[in-house]
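> Take a look at this one; I'll ask things after.
Protein chains: 2
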Amino acid sequence: MRPTPLQQEFILHFGEMGSRWGINRTVGQIYALLFLSEAPLNAETITKALNISRSNTSMGLKELQSWNLVRLKHIPDDRRDYFTTPEDLWEIVRTLIAERKKREIDPTLTKLRELEMTASGGDTYAEARISELRELIEMMTGFYDDMERLETVRLVKLLTLGSRISGLIEKAGGALPALAKGH
Amino acid sequence: MRPTPLQQEFILHFGEMGSRWGINRTVGQIYALLFLSEAPLNAETITKALNISRSNTSMGLKELQSWNLVRLKHIPDDRRDYFTTPEDLWEIVRTLIAERKKREIDPTLTKLRELEMTASGGDTYAEARISELRELIEMMTGFYDDMERLETVRLVKLLTLGSRISGLIEKAGGALPALAKGH
DNA sequence: CGTCGATTTCAGAAACTTTTGAAATCTGTG
DNA sequence: CACAGATTTCAAAAGTTTCTGAAATCGACG
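Which chain is which? The protein sequence lines are Z and H, in order.
Position one of the first sequence corresponds to residue 1 (this note's numbering), numbered consecutively onward.
Position one of the second sequence corresponds to residue 1001 (this note's numbering), numbered consecutively onward.
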């Protein structure tokens, strides 16, 4: 399977962006290829399309599976594994955010709580700073959890509210946490 | 300046997380040290506190400046540069999101628009997939721009609305974009 | 239970990033 | 305009990650 020029350019871009996104070039390229392919692809096809080694494909697919970014399909009378990305882009976004949260935020939240537990009170500024950071991260991940639970239709409505959002917030009222004191 | 045990542990954690956050160990450590220091620090102090080379400090600070994550201060009758992180955590979050958007999202948005412009119509599925992705990214970055413009007090109110958010969205009404069709 | 295609693991080679110390540059002051 | 302190640049060493081909493992089928 030779990628079309459009696919090719998209694939190369994902490969280049990979390092900024915390994945390597091949993983980015494999994902890009699957994303643009209507039919599921097997490892051999991916290897040839991207002109990489078979073992590299294997590792890349394993990595994508660990991110929950690909789905496994089976084709009757073919024992090879076939891979796709979900059709629904919102599902992809939810997965991406959930996985990044798990890798980039949760370990720090755990560490901050741990540091607060064992803090001795002898380092006022640092302790205050750590608590404030922990509160802020909790507020943001809490909001994310609420968004996560919304059906897509409502989420899209919220995302497209634009400037109307401001008035809406006021009407809702409610008590204001200490952290809002930032200017 | 020798860091306290609390600072030390926080600094080491930021160093380890650095690679997941797309910065290197030293950059993470320098940031952590500045974040927990009430007073601004100069390069020499940072070098000694983290036990790294002077040139490494210089490069780390340059990197942090390119991310707009540190502020430069000057102390009367001292010509060395002193560095701090902003007191206001919300400002830090805004900067972080803005910079990550600039590095991780904007180049892809540009590329997707470019691909749509030059697409020939000969690759229906891939072209539809690319347009859909571009629309979704635009919707999300548009929402981010709206959030960006909110004063902190309102932003915090929104973040802490919790389940009340759902009813609120319904009241607002408005037309629903095609992308909401994801289930 | 041996064969065969498919997949994974692994150790080393290649590529890339980080860190350093030394040298170069910059900047304010006498 | 020279000097002294401060900072940056640079080339090379150290460290890390990615990629490969060869060998090991898996698993369905006869």
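Note that CB positions come from ideal geometry on N, CA and C, so glycine has one too.
Being a predicted model, the structure only gives us computed values, none of them experimental.
I'd like the span of the alpha helix (DSSP H) that includes residue 1133 (chain H), first residue to last.
Residue 1133 (chain H) sits at position 133 when you count from the first residue of the second sequence. From DSSP, the alpha helix (DSSP H) with residue 1133 (chain H) extends over 1124 to 1149.
> Taking the straight line between their C-alpha atoms, what separation do you get for residue 1100 (chain H) and residue 1048 (chain H)?
Position 100 of the second sequence, counted from the start, is the residue given in the question as residue 1100 (chain H). Position 48 of the second sequence, counted from the start, is the residue given in the question as residue 1048 (chain H). Distance between the alpha carbons of residue 1100 (chain H) and residue 1048 (chain H): 30 Å.
> Tell me whether residue 51 (chain Z) sits in a helix, a strand or coil according to DSSP, three-state version.
Position 51 of the first sequence, counted from the first residue, corresponds to residue 51 (chain Z). The answer is coil: DSSP assigns residue 51 (chain Z) none of H, G, I, E or B.
> Compare the Cα-Cα distances from residue 2 (chain Z) to each of Z:156, Z:64 and Z:41 and report the closest residue.
Along the first sequence, read from residue 1 onward, the residue named residue 2 (chain Z) stands at position 2. Out of Z:156, Z:64 and Z:41, Z:41 has the C-alpha closest to the C-alpha of residue 2 (chain Z).
> Excluding the 5 residues flanking residue 52 (chain Z) on each side, which residues of the same chain have their C-beta closer than 7 Å to its C-beta?
Here residue 52 (chain Z) refers to the residue found at position 52 when the first sequence is read from its first residue. Excluding positions up to five away in sequence, the list reads 26.
> What are the start and end residues of the beta strand (DSSP E) that includes residue 88 (chain Z)?
Against the first sequence, residue 88 (chain Z) aligns to sequence position 88. Here residue 88 (chain Z) belongs to no beta strand (DSSP E), and DSSP marks it neither H nor E.
> Are at least three pairs of beta-carbons, each pair with one atom in the stretch 1014 to 1029 of chain H and one in the stretch 1059 to 1069 of chain H, less than 8 Å apart?
Yes: at least three Cβ pairs fall under 8 Å.
> What are the residues of the stretch 1013 to 1047 of chain H that lie near chain Z, defined by any Cβ-Cβ distance shorter than 7 Å?
Those residues of the stretch 1013 to 1047 of chain H that come within reach of chain Z (Cβ to Cβ, closer than 7 Å) are 1013, 1017, 1020, 1021, 1022, 1035, 1036 and 1038.
> Counting only C-beta atoms, is residue 70 (chain Z) closer than 8 Å to chain H at any point?
Residue mapping note: residue 70 (chain Z) aligns to position 70 of the first sequence, counting from 1. Output row for residue 70 (chain Z): interface = no.
> Does residue 183 (chain Z) come out as helix, strand or coil in the three-state DSSP assignment?
On the first sequence, position 183 is the one that residue 183 (chain Z) refers to. With a pLDDT of 48 at residue 183 (chain Z), under the threshold of 50, the predicted position of this residue should be treated as unreliable, and no value is reported.
> To the nearest angstrom, report how far apart residue 150 (chain Z) and residue 1166 (chain H) are at their CA atoms.
In the first sequence, counting from the first residue as 1, residue 150 (chain Z) sits at position 150. In the second sequence, counting from the first residue as 1, residue 1166 (chain H) sits at position 166. In a straight line, the C-alpha of residue 150 (chain Z) is about 7 Å away from that of residue 1166 (chain H).
> Give the secondary structure of residue 1042 (chain H) by DSSP, where H, G and I count as helix, E and B as strand, and everything else as coil.
Stepping through the second sequence from its first residue, residue 1042 (chain H) is reached at position 42. Looking at residue 1042 (chain H) - three-state DSSP - the assignment turns out to be strand.
> Tell me which residues share the same chain as residue 89 (chain Z) and place their Cβ nearer than 6 Å to its Cβ, disregarding the 5 neighbours each side in the sequence.
Numbered from 1 along the first sequence, position 89 holds the residue referred to as residue 89 (chain Z). Closer than 6 Å at Cβ, skipping near neighbours: no residue.
> What are the boundary residues of the beta strand (DSSP E) that residue 1072 (chain H) is part of?
Position 72 of the second sequence, counted from the first residue, corresponds to residue 1072 (chain H). Segment 1071 to 1075, the beta strand (DSSP E) holding residue 1072 (chain H).
> Count the other C-beta atoms from every protein chain shown that fall within 10 angstroms of the C-beta of residue 1130 (chain H), then say buried if there are 16 or more, exposed otherwise.
Within the second sequence, numbered from 1, the residue matching residue 1130 (chain H) stands at position 130. It is buried - the Cβ of residue 1130 (chain H) has at least 16 other Cβ atoms within 10 Å.
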